[in-house]
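Have a look at the structure below, then the notes.
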Amino acid sequence: MRQVNRFGTVFSLLGALIATAIAMGLVAAGLALPAIGAAGQATNGSIKLFNQIPSNIDMNPLAQQSRILAADGSVLATPFNQNRIVVPFDKISQNMKNAQVAIEDERFYQHGAIDSKGLLRAITSNVFSNGTQGASTLTQQYVKVMQQNQAINTGNEEAANRAVTQSGMEGYVRKLQQLKYAVTIEQKYTKDQILDGYLNLVYYGGQAYGVEAAARHYFGISAAELNLPQSAMLAGVVNEPGRLDPTTNPDEVLARRNVVLDKMYQQKMISYTQLVDAKKAPLGLKLTQVNSNSCANSKYAYFCYYVINWLQTQPALGKDPKSRLATLQSGGLTIKTSFDPKMADAIDKEIRKKVPQGNSEGIDSAGIIIQPGTGLVLASGQNTQYSNVAGPGKNAQNFTTDGEGYAYGSTAKMFTVVNALEAGWSPEKKMTVPSYNTTSSAGAPAHAFSSADFPGKCGLTPGTTWKLPNDAPYPPAGQKMSLKDATAQSVNTVFAEMVSQLGSCDVLKTTSKFGVESGTGQQIQSTAASITLGTSDVTPLDLTNAYATIAAGGKYCPPRPVVSISDSNGKKLPLSGTECKQLVSEKVAAETSEIFQSVITDPAGTTHGDILLNGNRPAAGKTGTEDGAKNIWFVGYTPQLATGIWVGHNKAPAPMKDITLAGQKYDGYVFAGDLAAPIWKNVMDAALKGKPIEYFQKPDGTTPKSKPAPKATASTPPPPTPVGPTGTYSPRTYSPRTTQPPVVPQATATRRTQAATPRVTVPRTVKPKATNKPKATSKPKATNRSKPTSTAKATTKPKPSGK
Numbered sequence: 001m002r003q004v005n006r007f008g009t010v011f012s013l014l015g016a017l018i019a020t021a022i023a024m025g026l027v028a029a030g031l032a033l034p035a036i037g038a039a040g041q042a043t044n045g046s047i048k049l050f051n052q053i054p055s056n057i058d059m060n061p062l063a064q065q066s067r068i069l070a071a072d073g074s075v076l077a078t079p080f081n082q083n084r085i086v087v088p089f090d091k092i093s094q095n096m097k098n099a100q101v102a103i104e105d106e107r108f109y110q111h112g113a114i115d116s117k118g119l120l121r122a123i124t125s126n127v128f129s130n131g132t133q134g135a136s137t138l139t140q141q142y143v144k145v146m147q148q149n150q151a152i153n154t155g156n157e158e159a160a161n162r163a164v165t166q167s168g169m170e171g172y173v174r175k176l177q178q179l180k181y182a183v184t185i186e187q188k189y190t191k192d193q194i195l196d197g198y199l200n201l202v203y204y205g206g207q208a209y210g211v212e213a214a215a216r217h218y219f220g221i222s223a224a225e226l227n228l229p230q231s232a233m234l235a236g237v238v239n240e241p242g243r244l245d246p247t248t249n250p251d252e253v254l255a256r257r258n259v260v261l262d263k264m265y266q267q268k269m270i271s272y273t274q275l276v277d278a279k280k281a282p283l284g285l286k287l288t289q290v291n292s293n294s295c296a297n298s299k300y301a302y303f304c305y306y307v308i309n310w311l312q313t314q315p316a317l318g319k320d321p322k323s324r325l326a327t328l329q330s331g332g333l334t335i336k337t338s339f340d341p342k343m344a345d346a347i348d349k350e351i352r353k354k355v356p357q358g359n360s361e362g363i364d365s366a367g368i369i370i371q372p373g374t375g376l377v378l379a380s381g382q383n384t385q386y387s388n389v390a391g392p393g394k395n396a397q398n399f400t401t402d403g404e405g406y407a408y409g410s411t412a413k414m415f416t417v418v419n420a421l422e423a424g425w426s427p428e429k430k431m432t433v434p435s436y437n438t439t440s441s442a443g444a445p446a447h448a449f450s451s452a453d454f455p456g457k458c459g460l461t462p463g464t465t466w467k468l469p470n471d472a473p474y475p476p477a478g479q480k481m482s483l484k485d486a487t488a489q490s491v492n493t494v495f496a497e498m499v500s501q502l503g504s505c506d507v508l509k510t511t512s513k514f515g516v517e518s519g520t521g522q523q524i525q526s527t528a529a530s531i532t533l534g535t536s537d538v539t540p541l542d543l544t545n546a547y548a549t550i551a552a553g554g555k556y557c558p559p560r561p562v563v564s565i566s567d568s569n570g571k572k573l574p575l576s577g578t579e580c581k582q583l584v585s586e587k588v589a590a591e592t593s594e595i596f597q598s599v600i601t602d603p604a605g606t607t608h609g610d611i612l613l614n615g616n617r618p619a620a621g622k623t624g625t626e627d628g629a630k631n632i633w634f635v636g637y638t639p640q641l642a643t644g645i646w647v648g649h650n651k652a653p654a655p656m657k658d659i660t661l662a663g664q665k666y667d668g669y670v671f672a673g674d675l676a677a678p679i680w681k682n683v684m685d686a687a688l689k690g691k692p693i694e695y696f697q698k699p700d701g702t703t704p705k706s707k708p709a710p711k712a713t714a715s716t717p718p719p720p721t722p723v724g725p726t727g728t729y730s731p732r733t734y735s736p737r738t739t740q741p742p743v744v745p746q747a748t749a750t751r752r753t754q755a756a757t758p759r760v761t762v763p764r765t766v767k768p769k770a771t772n773k774p775k776a777t778s779k780p781k782a783t784n785r786s787k788p789t790s791t792a793k794a795t796t797k798p799k800p801s802g803k
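First residue of the sequence shown? That's 1 in our numbering, and the numbers climb one at a time after it.
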């Protein structure tokens with residue numbers, strides 16, 4: 001009974017196909033089936049049954065690899081889930097076209113969608129046996145593979161399996177469906193277009209989809225360059241690419257290649273001489289390995305993955321991150337990035353000079369460069385090799401963009417200055433150094449701030465005090481200091497007093513509007529220490545972009561690595577989240593730059609005037625040293641570039657004290673001015689080499705075309721031995737100051753729970769005032785702030801924080 005039903009259904013549908021073909025006048029075109037009882041089978045009902053089979057099908061875009069390009073056009077990576085490079089028909093050698101037709105469908109250019117002779121032979125075999133014999137034309141094969149490919153790309157494994165079902169009634173139904181699709185394809189497209197689609201679609205083994213990828217993989221050439229024996233080999237493996245692997249089964253592949261050559265000779269595509277010569281040729285493989293996870297194999301893997309993560313935020317690529325990644329891996333996109341390999345190499349080189357990869361101290365370092373006014377990330381680097389296997393000097397985390405971030409110390413003071421200037425304060429406004437009315441837990445002179453100074457949700461718990469010292473030598477209580485001098489010397493108590501007067505919640509709002517948030521994506525902790533001295537964790541990306549905003553005259557642009565995205569047809573896709581906005585006035589930005597230039601030029605400041613850029617190029621920036629030198633920073637900028645440098649321990653923050661890096665011994669605690677700032681200078685000098693010197697806009701709105709060389713001019717340093725409430729204090733014996741009273745940790749507190757133990761600063765010496773010095777060279781050094789040495793150990797420096 002099953003056999004009878006099988007006969008009935010199959011012949012009913014076949015009859016419908018015959019009748020339909022006759023009705024459409026397709027017999028002459030070779031599209032009709034042989035008339036197997038056509039008169040009796042082609043009933044109205046069977047015609048209706050066949051016509052109900054869907055026929056809408058198009059040559060949808062093929063999944064192909066995308067390209068991520070650097071700014072200079074070099075390829076950073078080629079992400080894909082199918083290694084395919086689509087090429088036009090005229091970029092495929094005639095040898096390859098002939099070979100594929102010869103072995104797959106020798107009558108391809110003579111018949112229509114259906115080869116009547118082949119189909120009759122297959123029907124006879126299939127009806128009287130339990131299996132199926134193929135009679136597919138190249139067009140039908142194309143339809144089958146196209147359906148399977150589309151199902152795979154959408155993650156529909158069931159549909160992919162159905163597309164290649166060979167047995168039972170489902171196999172017949174599938175065959176008839178593909179027959180009708182083949183008729184539609186033949187009506188819509190030329191034979192050359194169909195063959196072109198087939199050659200770009202099918203799998204040739206070795207992770208190579210399409211003839212171009214296959215030619216590159218097996219022979220290291222393009223599809224246009226394939227010779228006769230190479231073409232015959234590729235055409236032969238399509239039938240069974242898993243078994244016919246030239247690398248593991250060369251003998252069978254050679255035999256199959258020769259079958260293809262025989263077919264080509266029989267069809268008069270080649271001469272006898274060509275046949276003999278081609279058969280004598282070896283396979284001649286020149287394998288090029290294919291790596292599907294191409295970012296991991298890129299020289300610039302960290303930046304590459306940053307690009308991919310950013311692309312997954314773009315709605316133009318899909319409705320959610322998963323679909324956007326699928327588009328990236330199959331859409332043949334061209335992603336042009338802002339990445340400058342030379343700048344990236346400079347970051348890696350200069351960081352490794354000071355903080356070598358896999359150093360015995362286990363210290364990490366990273367840097368990032370951002371273009372002011374666009375938010376474009378030009379380069380990033382770190383002192384590790386990309387690896388998913390942890391080990392010394394190996395890491396899969398991008399220190400500049402990923403993870404929780406790092407405590408940023410006194411680089412946070414820029415937001416206090418901006419808030420003050422927006423409130424109408426003058427850069428020359430004098431602040432009074434608060435009294436030393438208490439001592440820290442280490443016995444250092446300190447000022448006790450209370451909840452009256454820091455009220456509300458961004459302040460201190462009622463009844464508690466925050467005992468905050470300065471770095472040695474301490475500015476005398478009552479001394480008047482300008483914003484510029486207080487910034488250059490990074491005087492903690494003056495900045496705490498400023499935050500108290502401005503309102504700590506207002507300063508926090510300023511920090512947040514610059515895009516600075518915790519590495520977990522939350523607002524930084526709303527404690528006095530976090531707001532004033534940067535005890536929360538932030539990423540180098542966010543912090544550097546905040547400084548780039550000031551460099552751009554107050555214009556904020558969200559950081560991004562991508563300039564443009566084009567689809568496989570070259571059409572530009574819209575980018576989302578790239579709109580810039582004027583965050584603060586140009587005047588406020590100009591005044592901020594004026595103040596922060598003093599950090600670089602003032603020998604009495606935290607960089608000692610040691611990091612003036614080559615050519616006396618104007619620059620501004622700020623040091624940041626976390627309590628105990630667990631993290632140190634320098635973030636600075638010129639009008640063209642903003643660069644952030646971080647040094648610390650990525651996994652488990654620990655004090656950097658009495659360490660040796662690159663053969664250089666650092667006695668005592670390592671300050672930002674000793675290590676992060678010099679790296680910053682070297683990176684900036686390399687990145688700006690050959691670029692014109694640009695000058696900062698003045699508060700009056702003018703921008704000089706030239707100016708006198710910036711001099712290392714010192715602010716008035718405090719006396720070397722200040723007197724606190726308990727008498728004279730020696731900074732050499734100083735130990736950590738007490739912290740702000742504990743508060744309840746926030747729910748989003750990061751690994752170091754700064755909310756529970758905020759950081760404040762400690763003694764640091766400054767240098768005597770320089771006189772008539774055009775450059776910051778050969779100046780006297782402070783005796784109690786030792787510089788790195790590779791010989792005798794100097795006097796131990798006091799514990800740093802917040803500088």
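Ideal Cβ placement from N, Cα and C applies to all residues, glycine included.
Exposure label - residue i; buried when at least 16 CB within 10 Å
i: Thr327; result: buried
i: Asn772; result: With a pLDDT of 38 at Asn772, under the threshold of 50, the modelled position of that residue is not reliable, and the figure given next carries that caveat. Classification of Asn772: exposed, given that the 10 Å Cβ count is below 16.
i: Thr623; result: buried
i: Asp348; result: buried
i: Gly554; result: buried
i: Arg243; result: exposed
i: Asn569; result: exposed
i: Tyr547; result: buried
i: Ala214; result: buried
i: Ala529; result: buried
i: Gln65; result: buried
i: Ala401; result: The sequence given here places Thr at residue 401; Ala does not occur at that position. Buried, by the Cβ-count rule.
i: Leu543; result: buried
Through-space distance from residue j to residue i, alpha-carbon basis
i: Asn682; j: Glu350; result: 6 Å
i: Lys263; j: Val183; result: 26 Å
i: Asp674; j: Ala379; result: 24 Å
i: Tyr265; j: Tyr204; result: 23 Å
i: Ser450; j: Pro561; result: 44 Å
i: Val237; j: Val253; result: 7 Å
i: Lys354; j: Trp680; result: 11 Å
i: Gln501; j: Arg617; result: 35 Å
i: Gln187; j: Ser294; result: 40 Å
i: Asp506; j: Phe415; result: 10 Å
i: Val647; j: Ser410; result: 14 Å
i: Val588; j: Thr625; result: 26 Å
i: Ala208; j: Gly375; result: 38 Å
Supposed contact pair residue j and residue i - C-beta distance, whole angstroms, cut 8 Å
i: Val418; j: Val670; result: Rounded, the Cβ-Cβ distance is 28 Å, inconsistent with contact.
i: Asp340; j: Ala77; result: About 16 Å separates the two Cβ atoms, so there is no contact after all.
i: Thr139; j: Ile194; result: 6 Å
i: Phe696; j: Ala590; result: 6 Å
i: Asp602; j: Ala488; result: 4 Å
i: Pro473; j: Met481; result: Actually they do not touch by this definition, with Cβ atoms about 14 Å apart.
Chain-order list of residues whose beta-carbon lies under 7 Å from that of residue i (same chain, five-residue window excluded)
i: Ala833; result: Residue 833 lies beyond the range of the chain shown here (1 to 803); nothing can be said about it.
i: Thr607; result: Val599, Ile600, Thr623, Gly673 and Ala677
i: Lys394; result: Thr384, Gln385 and Ser387
i: Asn614; result: Asp685
Nonlocal neighbours in the same chain, by C-beta distance under 6 Å from residue i, ignoring five residues either side
i: Pro372; result: Ala548, Ala551, Ala552 and Ala642
i: Lys336; result: Leu69, Val563 and Ser564
#### Entry: Length-filtered (4 minimum) alpha helix (DSSP H) runs lying within the region 472 to 500
Listed in chain order, they are 483 to 489.
### Task
Would you list, in sequence order, the uninterrupted alpha helix (DSSP H) runs of no fewer than 4 residues that lie entirely inside the region 303 to 363?
Along the length of the region 303 to 363, whole alpha helix (DSSP H) runs at least 4 residues long occupy 321 to 330 and 341 to 354, reported in chain order.
### Task
List in chain order: all unbroken beta strand (DSSP E) runs of 3+ residues lying wholly within the region 601 to 660.
620 to 625, 631 to 637 and 642 to 648
### Ranges of the alpha helix (DSSP H) found wholly within the region 576 to 605, counting only runs of at least 4
586 to 601
### Query
Could you give the uninterrupted runs of the beta strand (DSSP E) lying entirely in the region 70 to 108, keeping only those of 3 residues or more?
75 to 77
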